[in-house]
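Asker: Let me begin by handing over the structure; questions about it come next.
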């Protein structure tokens with residue numbers, strides 16, 4: 001889920017609201033309506049400075065790469081799957097997202113820290129977003145049996161916050177080095193939480209949503225020295241449904257050139273916004 005993300009932020013508005021005195025020319029990358037996660041490209045991230053008194057806006061590769069992954073070939077295998085020498089297929093493992101409930105887990109048998117734990121403890125950041133996109137699955141009834149069909153119809157939604165041009169998503173980052181070439185890159189994973197009542201209607205196949213943090217909690221996530229309990233509490237924060245807005249868009253939204261334009265489908269139930 002949450003593999004498509006928008007970052008259309010007015011530079012003037014962003015800098016004014018964040019009270020930043022930084023050169024506008026540094027933020028040319030804040031003008032993309034869709035970042036498709038499975039392209040594993042760069043995405044805009046707010047990363048705290050070492051003294052945690054301020055932050056920098058940087059680009060990171062979307063798709064957390066663990067330190068134990070040796071080289072780019074192994075990164076490719078992890079992300080897209082591969083067939084080994086015996087012909088056995090190994091499934092892809094996606095690290096675009098990290099579940100908030102599982103960030104701090106340790107292996108029950110060995111006690112070893114799992115992939116995201118150290119980053120959640122030491123390298124928390126924010127993804128700057130203007131919107132994101134998810135698909136709603138609707139199972140229509142068979143006209144003869146009146147039973148739900150096995151295959152769902154899928155409808156894309158544009159999702160954002162009411163009267164907000166942008167918002168913050170909790171994230172964690174990792175600096176990774178290719179042990180063969182010496183390439184070094186900062187990589188990031190978006191944190192997700194259980195869907196609220198609105199997102200349960202939209203992302204009804206997975207019941208997940210990005211961990212969208214209001215300004216004060218976003219600052220805490222990025223800057224404060226947090227206990228493990230506080231980290232988990234923020235990582236699983238659910239924004240209220242009535243603070244969000246969502247509407248259907250064209251199924252070909254990735255190629256239309258107008259991905260945020262509303263499109264009405266006949267027979268798709270209206271969403272309800274609970275307080």
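In full-length UniProt numbering, the protein residues as written are 1 to 275. Each residue gets a CB set at the ideal place from its N, CA and C atoms; glycine is no exception.
Three-state secondary structure (DSSP) at residue 102?
Answerer: Here residue 102 refers to the residue found at position 102 of the chain shown. Helix at residue 102.
Asker: Using beta-carbon positions only, say whether residue 62 and residue 93 come within less than 8 Å of one another.
Answerer: Stepping through the chain shown from its first residue, residue 62 is reached at position 62. Stepping through the chain shown from its first residue, residue 93 is reached at position 93. For residue 62 and residue 93, no; Cβs fall outside 8 Å.
Asker: Taking 7 Å as the limit between beta carbons, can you name the residues of its chain near residue 266, skipping five residues before and five after?
Answerer: As a first step, residue 266 must be located in the chain shown, where it is residue number 266. Hits under 7 Å: none found.
Asker: Keeping to the same chain, check which residues put their C-beta closer than 7 Å to that of residue 210; ignore five residues upstream and five downstream.
Answerer: The count along the chain shown starts at 1 and reaches residue 210 at position 210. Contacts found: 2, 132, 169, 190 and 192.
Asker: Below 7 Å CB to CB, which residues in the same chain sit around residue 113 once its five sequence neighbours on both sides are set aside?
Answerer: Here residue 113 refers to the residue found at position 113 of the chain shown. Cβ within range, chain order: 106.
Asker: Do you know how far the Cα of residue 250 is from the Cα of residue 261?
Answerer: To locate residue 261, count along the chain shown from 1; it is residue 261. To locate residue 250, count along the chain shown from 1; it is residue 250. Computed Cα separation, rounded: 8 Å.
Asker: Measure how close the beta-carbons of residue 223 and residue 118 come, nearest whole angstrom, since I'm counting them as under 8 Å.
Answerer: Looking up residue 223 in the chain shown gives position 223. Looking up residue 118 in the chain shown gives position 118. That belief does not hold up - the Cβ atoms of residue 223 and residue 118 are roughly 18 Å apart, past 8 Å.
Asker: Spatial neighbours of residue 157 within its chain, please: CB distance less than 8 Å, with the 5 preceding and 5 following residues excluded, ordered by chain position.
Answerer: Position 157 of the chain shown, counted from the first residue, corresponds to residue 157. Correct list, in chain order: 133, 134, 135, 136, 202, 246, 247, 248 and 249.
Asker: Assuming residue 37 and residue 96 make a contact with CB atoms under 8 Å, what is their CB distance in whole Å?
Answerer: To locate residue 37, count along the chain shown from 1; it is residue 37. To locate residue 96, count along the chain shown from 1; it is residue 96. Confirmed, about 4 Å.
Asker: In the DSSP assignment, the beta strand (DSSP E) including residue 197 goes from what residue to what residue?
Answerer: Indexing the chain shown from 1 puts residue 197 at position 197. No beta strand (DSSP E) contains residue 197, which is instead part of the alpha helix (DSSP H) from 197-202.
Asker: Taking buried to mean at least 16 other C-beta atoms within 10 Å of its own C-beta, is residue 33 buried or exposed?
Answerer: For the purposes of this step, residue 33 is taken as residue 33 along the chain shown, with counting starting at 1. Residue 33 comes out buried.
Asker: From this set, 128, 65 and 100, which residue's C-alpha is nearest residue 215's C-alpha?
Answerer: Here residue 215 is taken as the residue at index 215 of the chain shown, counted from 1. Nearest C-alpha to residue 215: 128.
Asker: Taking C-beta to C-beta, are residue 98 and residue 64 nearer than 8 Å?
Answerer: What you label residue 98 is simply residue 98 of the chain shown in a count that begins at 1. What you label residue 64 is simply residue 64 of the chain shown in a count that begins at 1. The answer is yes: Cβ separation under 8 Å.
Asker: Would you check if the distance between the CB atom of residue 185 and the CB atom of residue 176 is smaller than 8 Å?
Answerer: Within the chain shown, the letter at position 185 stands for residue 185. Within the chain shown, the letter at position 176 stands for residue 176. Yes.
Asker: So, with DSSP's three-state summary, where would you put residue 147?
Answerer: As a first step, residue 147 is located in the chain shown; it is residue number 147 there, counting from the start. Correct three-state label for residue 147: coil.
Asker: What residues are listed by DSSP as bridge partners for residue 82?
Answerer: Against the chain shown, residue 82 aligns to sequence position 82. Its beta-bridge partners are 90.
Asker: Just to confirm the assignment, what range does the beta strand (DSSP E) spanning residue 134 have?
Answerer: To locate residue 134, count along the chain shown from 1; it is residue 134. 131-138 is the extent of the beta strand (DSSP E) around residue 134.
Asker: Pick out whichever of 233, 241 and 180 has its Cα sitting closest to the Cα of residue 199.
Answerer: Within the chain shown, the letter at position 199 stands for residue 199. Residue 199 has its Cα closest to that of 241, out of 233, 241 and 180.
Asker: Put residue 74 into one of helix, strand or coil per three-state DSSP.
Answerer: For the purposes of this step, residue 74 is identified with residue 74 of the chain shown, where counting begins at 1. Note: residue 74 maps to helix in three-state DSSP.
Asker: For a quick check, are the C-beta atoms of residue 239 and residue 212 less than 8 Å apart?
Answerer: What you label residue 239 is simply residue 239 of the chain shown in a count that begins at 1. What you label residue 212 is simply residue 212 of the chain shown in a count that begins at 1. Closer than 8 Å, so yes.
Asker: Just to confirm before moving on: does the CB-CB distance between residue 171 and residue 45 stay below 8 Å?
Answerer: Indexing the chain shown from 1 puts residue 171 at position 171. Indexing the chain shown from 1 puts residue 45 at position 45. For residue 171 and residue 45, yes; Cβs fall inside 8 Å.
Asker: Can you tell me whether residue 258 is buried or exposed, with buried defined as 16 or more other CB within 10 angstroms of its CB?
Answerer: Here residue 258 corresponds to residue number 258 of the chain shown, with the count starting at 1. Burial call: exposed.
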